[in-house]
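Heads up, the thing below is written out as structure tokens.
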Amino acid sequence: MPELPEVETVRRGLKQLIIGKKIVGVDTDWEKIMNGGLDLFRAQLIGHSFTSIDRRGKYLLLRLDGDLTIVSHLRMEGKYALMTDKNEPKQRFQHVWFTFSDGSQLRYYDSRKFGRMTIVPTGQEYAEINGLAKMGPEPVASDFKVPDFKARLMRHKKAVKTVLLDQNVVAGIGNIYADETLWMSKIHPEQAANTLSDAQIQVLHDNIIKELATAIKFKGTTVHSFVDANGASGGFQNKLEVYGKKGEPCPRCGTAIEKIKVNGRGTHFCPHCQVRTDI
DNA sequence: CTTGCGACCTGTTGGC
DNA sequence: TGCCAACAGGTCGCAA
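Here this note's numbering runs 132 ahead of the position in the first sequence, where the first position is 1.
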């Protein structure tokens, strides 16, 4: 489900709900979600309390006392919610639950069971989690620099959209924001990455920073099922320009938005505004 | 090193 | 109305 703005929205909401809560039990009905298995999770976590939550790209880093971190990736459908009463019946798609000393319970839901959690010593995330080891810069001006972005793009002759989805190039972009930022930048999603002009790279870079920041402000995008830790939908779906708009007029020029496949992912673009400059 | 594609899962949706 | 193939905010492993 979630791209960076949605994960950040989850982080902000969840933080308010679980900081200070002490784990007294861990359970699951789909052990694969927990790397290392249930017994390891119980042995490591019981007796420890949540102290804060950080985020890197689309990963949540749930911090506990004792220098423990649960690295959690929601993949397509993962969600968290706090149940005030642990005795509330197990819900549809509920696969992992952490019971707290005050009788409340943090529940993890995942209809497709793609999400994963891993316990690491705090500070060892980068050493132990493959996806974090080589992750690109956060899409903010202080981290994400045009020269590095250009160097990355020039290494690839595949479609620029596919490169944007590579978390090692820049962190946090997924299918929605790739389509949106390419539309904003008037770049065709299938243009070979290594053929972008300096001007195109600069515009794309700036739009990525702008778009993700705005999406966070609106608490993320709900297209299918995204909800934050309080069960609320996002607000940015009302701001989308091309994603999910096949056949509708381009907001800039009125041409019908087209939907194609790029490396297996549904891709929306305006055939008039977004013209390939590499063929 | 880069690239494309199947696998991982299950629920929902669009088209006939 | 009903069925079923296609599709879904993601990543990883593997072969070429």
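All residues carry an ideal CB built from backbone N, CA and C; glycine is no exception. Keep in mind it's a predicted model, so treat the numbers as computed, not measured.
key: Counted within 10 angstroms of its Cβ, other Cβ atoms place E343 as buried (16 or more) or exposed   = On the first sequence, residue 343 is found 211 positions in, with the first residue counted as 1. By the 10 Å Cβ count, E343 comes out buried.
request  = Taking only the alpha-carbon atoms, compute the straight-line gap between S317 and M215 and give it to the nearest angstrom.
outcome  = Position 185 of the first sequence, counted from the first residue, corresponds to residue 317. Position 83 of the first sequence, counted from the first residue, corresponds to residue 215. C-alpha separation (whole angstroms): 43 Å.
ask   = In whole angstroms, what is the alpha-carbon distance linking W229 and I319?
value = Position 97 of the first sequence, counting from 1, holds the residue named residue 229. Position 187 of the first sequence, counting from 1, holds the residue named residue 319. Cα to Cα, W229 sits roughly 44 Å from I319.
task = Would you decide whether K349 is buried or exposed? Buried here means 16 or more other CB atoms lie within 10 Å of its CB.
result = Locating residue 349 in the first sequence gives position 217, counting from the first residue. It is exposed - the Cβ of K349 has fewer than 16 other Cβ atoms within 10 Å.
inquiry  = Quick check: the Cα distance between D242 and L206, rounded to an integer number of angstroms?
reply    = Position 110 of the first sequence, counting from 1, holds the residue named residue 242. Position 74 of the first sequence, counting from 1, holds the residue named residue 206. Going by the C-alpha atoms only, they are around 8 Å apart.
key: Exposure of P271, with buried meaning 16 or more beta-carbon neighbours within 10 Å   = As a working mapping, residue 271 is identified with position 139 in the first sequence. Its Cβ being crowded by 16 or more others within 10 Å, P271 is buried.
ask   = Within the chosen definition, does the region 281 to 297 reach the region 359 to 374 through at least 3 CB pairs nearer than 8 Å?
value = no
ask   = If you draw a straight line from the alpha carbon of A283 to that of V158, how long is it in whole angstroms?
value = Here residue 283 corresponds to residue number 151 of the first sequence, with the count starting at 1. Here residue 158 corresponds to residue number 26 of the first sequence, with the count starting at 1. C-alpha separation (whole angstroms): 45 Å.
message = Could you give the first and the last residue of the continuous alpha helix (DSSP H) run that contains E135?
response = Translated into the one-based positions of the first sequence, residue 135 becomes position 3. Premise fails: E135 is in no alpha helix (DSSP H) and is neither H nor E.
task = Report the three-state DSSP secondary structure of K342 (helix, strand or coil).
result = Here residue 342 refers to the residue found at position 210 of the first sequence. Helix.
request  = Along the beta strand (DSSP E) that carries V295, what are the first and last residues, could you check?
outcome  = To locate residue 295, count along the first sequence from 1; it is residue 163. First-last for V295: V292 to L296, but that is the alpha helix (DSSP H), not the beta strand (DSSP E).
task = Would you mind sorting E257 into buried or exposed? The rule is 16 or more other CB atoms within 10 Å of its CB.
result = In the first sequence, residue 257 corresponds to position 125, counting from 1. Result: buried.
request  = Per DSSP, which residues does W229 bridge with? Please list them.
outcome  = The count along the first sequence starts at 1 and reaches residue 229 at position 97. DSSP, once it has assigned bridges, lists D159 and R239 as partnering W229.
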